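> Got a structure here, written out as structure tokens. Questions coming.
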Amino acid sequence: MLTKNAKKSDAEIFILSKVHAELKEKSKIENNIIVSGFEEPSDAEGSLDQEEEIVDDLLVSLKVEKNKVKRFTRLRRKGGKNDQNKPDLLLNEFTDNKTQVKALNSASNLRECSKYNKVYINPDKTKKQVKLN
């Protein structure tokens, strides 16, 4: 048991620093969602505009306002794609956690729309959380 003036051991400091790093990483991604199975733009030219239209359409289906999106980007795999038919994951970062929760709750409604029936939406996870699952 630690007393008020006792020094922390190296092991305790190490554990505390690891916990702090994990909490810091979680706070960075707490407003993010990962969209899998989501189509990629077919045309390389103007793909950013096409990508934005695709994301806007998804946001309408999720009943999320466009101004609540801080940024979105494709998560490209290292070393290229193994399966050309499998689209890269899409990361959406929202301005607040309330919007992320709203998007996750609305995700089940996407099954009703035929173009989103193979799209899955999950909260973003840290690398350690991914390893645990």
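Each step along the sequence shown adds one to the number in full-length UniProt numbering, with nothing skipped, and position 60 is 60. We put the CB at the ideal spot given by N, CA and C, even for glycine. As the structure is a prediction and not an experimental result, all values here were calculated from the model.
Considering only C-alpha positions, which residue in the set K128, E52, N67 and I121 is nearest to V35?
It is I121 whose Cα lies nearest to the Cα of V35.
> Does the Cβ of V69 lie closer than 7 angstroms to at least one heavy atom of the ligand COA?
Here there are no bound small molecules, and the ligand COA is not part of this structure.
> If distances are taken between C-alpha atoms only, which option among R77, K118, C113 and V64 comes closest to N92?
V64
> Count the other CB atoms within 10 Å of the CB of N31; is the residue buried (16 or more) or exposed (fewer)?
buried
> Report yes or no: do the stretch 40–59 and the stretch 10–29 share at least 3 C-beta pairs separated by less than 8 angstroms?
no
> On the DSSP bridge list, what partners appear for P87?
P87 pairs with nothing; no bridge assigned.
> Once the 5 residues before and after S47 are set aside, which same chain residues still bring their CB inside 6 angstroms of it?
P41
> Output yes or no for whether 8 angstroms exceeds the beta carbon distance between K68 and F94.
yes
> So what does DSSP say about R71, is it helix, strand or coil?
strand
> Should N32 be flagged as near chain C, meaning a C-beta pair shorter than 8 angstroms?
Note that chain C does not occur in the displayed structure, where there is just one protein chain.
> Let me check understanding here. Comparing Cα to Cα, which of D57, I15 and E22 lies closest to K127?
Cα-wise, what sits closest to K127 is E22.
> On the DSSP letters alone, give me the boundaries of the alpha helix (DSSP H) that S61 sits inside.
S47 to L62
> Just confirm the distance between the C-beta atoms of L16 and S61, as a whole number of angstroms; I'd bet it's less than 8 angstroms.
With a contact defined as Cβ atoms closer than 8 angstroms, L16 and S61 miss out at about 43 angstroms.
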